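**Q**
Take a look at the structure:
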């Protein structure tokens, strides 16, 4: 377990033996099946989470009930926003959905907050990570405001291709709709146009990417 913490936290070697022991002793391991959903915010802090195995997406829910995917967490990633509410004025409402079976380790809020208060290295890392994630989110919102739906769907296809390393994606139109922040019917219509343009090939439950460069130019 220590190797996992050392890989996840760049400040690990700066901690005292007692601080490292506190993390290892109090960290909670959870096995979350695919499609499990967790909610963060509203004053409830999970703490800092490490995705030891699996893949999860972090999203917000619109007033109309739709999902907007903010980013994905892959194996080895650290979810710092699940502890953001321990910072004054930074309580945000987020949800996490497991896209595969996941093994997650959570450093409780109380333990991490103590480290944050005691260690300059932990504080610097935390603020840098939170700033980076908020920057990513602002970029995403900018895409929603200024880019068209076809561009967002093309971007989502390329993201999933990058994650899996495969041209044939086992992905539904519903998943793409959540990623692009639009309706399933819109995704279906645009994918058919992509197919007509020779960018993708559609089969039941699968989408094959044929033209990476073409999708990137949309």
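Numbering (full-length UniProt numbering), first residue to last: 1 to 218. Cβ coordinates follow ideal geometry from the N, Cα and C atoms, glycine included. Computed from a predicted model, the values in this text were never measured in an experiment.
Per the contact definition of three or more C-beta pairs closer than 8 Å, is the stretch 113-125 in contact with the stretch 12-27?
**A** yes
**Q** Shorter than 8 Å from the beta carbon of residue 142 to some beta carbon of chain B?
**A** Looking at the structure shown, chain B is missing, and only one protein chain is on hand.
**Q** Less than 8 Å between the beta carbons of residue 104 and residue 51, yes or no?
**A** Taking the first residue of the chain shown as position 1, residue 104 is located at position 104. Taking the first residue of the chain shown as position 1, residue 51 is located at position 51. Yes, these two residues count as a Cβ contact at 8 Å.
**Q** Counting pairs of Cβ atoms below 8 Å between the stretch 153-166 and the stretch 206-213, do you hit three or more?
**A** yes
**Q** Thinking C-alpha only, which one of 70, 76, 21, 153 is nearest residue 134?
**A** As a position in the chain shown, residue 134 is number 134, starting the count at 1. Selection 70, 76, 21, 153 evaluated against residue 134 yields 70 as nearest (Cα-Cα).
**Q** Report the option in 153, 78, 218, 3 whose CA atom is closest to the CA atom of residue 106.
**A** Locating residue 106 in the chain shown gives position 106, counting from the first residue. Looking at the Cα atoms, 78 is the closest of the given residues.
**Q** If you measure between the beta carbons of residue 58 and residue 74, is that distance less than 8 Å?
**A** As a working note, residue 58 is residue 58 in the chain shown. As a working note, residue 74 is residue 74 in the chain shown. No.
**Q** For the candidate residues 167, 214, 176, whose alpha-carbon lies nearest to that of residue 66?
**A** Residue numbering aside, residue 66 sits at position 66 when the chain shown is read from its first letter. Looking at the Cα atoms, 176 is the closest of the given residues.
**Q** Taking the alpha-carbon positions, what's the residue 213 to residue 198 distance?
**A** Here residue 213 is taken as the residue at index 213 of the chain shown, counted from 1. Here residue 198 is taken as the residue at index 198 of the chain shown, counted from 1. Roughly 12 Å separates the two Cα atoms.
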